[in-house]
Amino acid sequence: MNEPARIYQFQTSGKIIAGLHAMQNLGPELRGLGRINKALIVASDAMRRQGATDELAARLAGSGIASETIGGVMREPTADHIEALADRIGQEPFDVYIGIGGGSVLDATKLLSVLRTNRLRVREMIGTERIPHAGVPTALIPTTSGTGSEVTPNAIVTLEEEALKLGIVSSRLYASLVVLDPALTLSLPRSITAETGMDAFTHALESFLSNKANPISDMLALESIRLLSGSIVSAFHDGHAVEDRSAMLLGSMFGGMALAGSGTAAVHAMAYPLGGRFHIPHGAANAMLLPHVMAFNMDSVQDKLRRVASAMGIVTEAGASADAAELVVERIAEWTKELQIPQNLAVYGVQSSDVPVLAEAAFQVKRLMDNNPKPMSILDIEDVYRKLLPRIEYACKEGDASL
Ligand SMILES: NC(=O)c1ccc[n+]([C@@H]2O[C@H](COP(=O)([O-])OP(=O)(O)OC[C@H]3O[C@@H](n4cnc5c(N)ncnc54)[C@H](O)[C@@H]3O)[C@@H](O)[C@H]2O)c1
Ligand SMILES: [Fe+2]
């Protein structure tokens, strides 16, 4: 329920252009931002190899905008890596930073933009609203569907020494321009389609159930859930289906808008230590945790999960039955199997002896844990992690070798 006295807000990136081949409009749209003579393109080596950065540079040149490219952005970047990229850019003046890639590249681009204009280390930006000065304007072009980073005020960094991932949240990180072109996502391999798609779905579902949910984030979250439910499995099986790719890209952006307003919750809090300590890809970690955390939450959010069931097309609003909430959890568990996402953490080297440390780290991510609709104790968190460890391993550790 959204009690009338609560104040909520909505903010998003400056301008969004969307649709198949929307990239064609990039040059003129950039010119609309003001005096743009020289751009810095930020990308991963994979994007460079695919020719996406050369194509982008040629497009900019066609609009009279010179550019340079900085490649080599790592997956799930560390704070040190981002600072090393900033050193490579140095003091060279660029009118806009253009990030083209998945969430890793978009987050790196956002941070590079504010590192240029603030005398702060990345670590000093961690937390909420800790960046005093506006950055270089950014244009963000997502190639995964995805993190929704193109419309969030967030950037996530890995801190290697603490084996953790942490969030930087600041209105200084909103992009000036976003281009959503599903053509760029056609090359996504199946496993990345699955993992990043489940990340997007998790954003929508957690935002909808969040303690900070509000009418604006609810609308965006439900539409995101509808779009992603109708496309994730088919895009996994046929990556060239443009309609599904379009639905996923739009769904992931709506998920990002929803989370910017109401926040993610326990699934994300529990995914961060898995990423920081065991380098489990962000989407895969979320996908594994999602059905188990939802099963834990279920009795507190029955009504909301019925609305989710309706958005997912499992039951109609009118016919939403008492067990609709269970059907949602079942459907999510079925997806993770069909999308071939591992069902246990041992695949990534996690052992039952790691569970207490993981649970403590997740419990400390208060920014997100506080949003969870049902409070989780450290023992509740441990229980969920243990559900993702193969039975045989902890059965033996508990001294019952007969299992
Ligand atoms: N800022 C936010 O709001 C937010 C939200 C959720 C997650 N994140 C963060 O984003 C990062 C994950 O981003 P991601 O899930 O998009 O993955 P990613 O950016 O790490 O990319 C995954 C892999 O896919 C490749 N790839 C990307 N686009 C491709 C394409 N079109 N064709 C072929 N290969 C392609 C990349 O090169 C990379 O190897 C994590 O660090 C996560 O914590 C940020
Ligand atoms: Fe996420």
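Take 46 as the starting number for the sequence shown in the numbering used here and just add one per residue. Beta carbons are placed, not taken as given, at the ideal position from N, Cα and C, and that holds for glycine. Small disclaimer: the values here were computed from a predicted structure and weren't measured.
{"query": "Beta-carbon gap between I386 and A310 smaller than 8 Å", "result": "no"}
{"query": "Expected contact under 8 Å - CB spacing of S216 and E174 to nearest Å", "result": "7 Å"}
{"query": "Identity of the residues DSSP links to N199 by a beta bridge", "result": "V214"}
{"query": "Beta-carbon proximity list for A50, same chain, < 7 Å, skipping 5 on both sides", "result": "none"}
{"query": "Local Cβ density within 10 Å of P138, reported as buried at 16 or more and exposed below that", "result": "exposed"}
{"query": "V312 versus K257 - alpha carbon distance", "result": "15 Å"}
{"query": "Cβ-based neighbour list, A354, same chain, cut-off 8 Å, excluding 5 preceding and 5 following", "result": "V360, A365, A369, A370, L372, V373"}
{"query": "Burial state of N82 (16 or more Cβ within 10 Å)", "result": "exposed"}
{"query": "Contact check, L85 vs E113, beta carbons under 8 Å", "result": "yes"}
{"query": "Inter-residue spacing [alpha-carbon to alpha-carbon] between K155 and A91", "result": "19 Å"}
{"query": "Through-space distance from K382 to A280, alpha-carbon basis", "result": "15 Å"}
{"query": "Contact test: D152 Cβ vs ligand 2 heavy atom, cutoff 7 Å", "result": "no"}
{"query": "Nearest residue (CA-CA) to L433, options T197, N389, L403", "result": "N389"}
{"query": "Counterpart residues of K382 in DSSP-defined beta bridges", "result": "Per DSSP, none; premise fails for K382."}
{"query": "Proximity to L334 [Cα-Cα], best of R351, G306, N259, L250", "result": "L250"}
{"query": "Member of S262, M357, I143, L151 whose CA lies at the smallest distance from the CA of M119", "result": "L151"}
{"query": "Residue of R104, D140, V141, L157 minimising C-alpha distance to P122", "result": "L157"}
{"query": "Start and end residues, beta strand (DSSP E) containing T189", "result": "Here T189 belongs to no beta strand (DSSP E), and DSSP marks it neither H nor E."}
{"query": "Rounded C-alpha distance that separates F323 from I270", "result": "29 Å"}
{"query": "heavy atom of ligand 1 below 7 Å from T183 C-beta", "result": "no"}
{"query": "Residue environment, L448, which counts as buried when at least 16 other CB atoms sit within 10 Å", "result": "Caution is warranted here: a pLDDT of 34 is assigned to L448, below 50, making its placement in the model unreliable, and the coordinate value is therefore given only provisionally. With fewer than 16 Cβ atoms within 10 Å of its Cβ, L448 is classed as exposed."}
{"query": "Secondary structure of N47, DSSP reduced to three states", "result": "Its pLDDT being 49, under 50, N47 is placed unreliably in this model, and the coordinates cannot settle the point."}
{"query": "Continuous alpha helix (DSSP H) assignments of at least 4 residues falling wholly in the region 224 to 309", "result": "235 to 254, 260 to 274, 277 to 282, 287 to 307"}
{"query": "heavy atom of ligand 3 below 7 Å from A354 C-beta", "result": "This structure lacks ligand 3; the ligands present are ligand 1 and ligand 2."}
{"query": "Under 8 Å between C-beta atoms of G172 and S274", "result": "no"}
{"query": "Residues near Q54 by beta carbon distance below 6 Å, same chain, minus five either side", "result": "none"}
{"query": "Span separating the alpha-carbon of M315 from that of M339", "result": "13 Å"}
{"query": "Counterpart residues of K60 in DSSP-defined beta bridges", "result": "L222"}
{"query": "Segment limits, alpha helix (DSSP H) that includes E405", "result": "400 to 408"}
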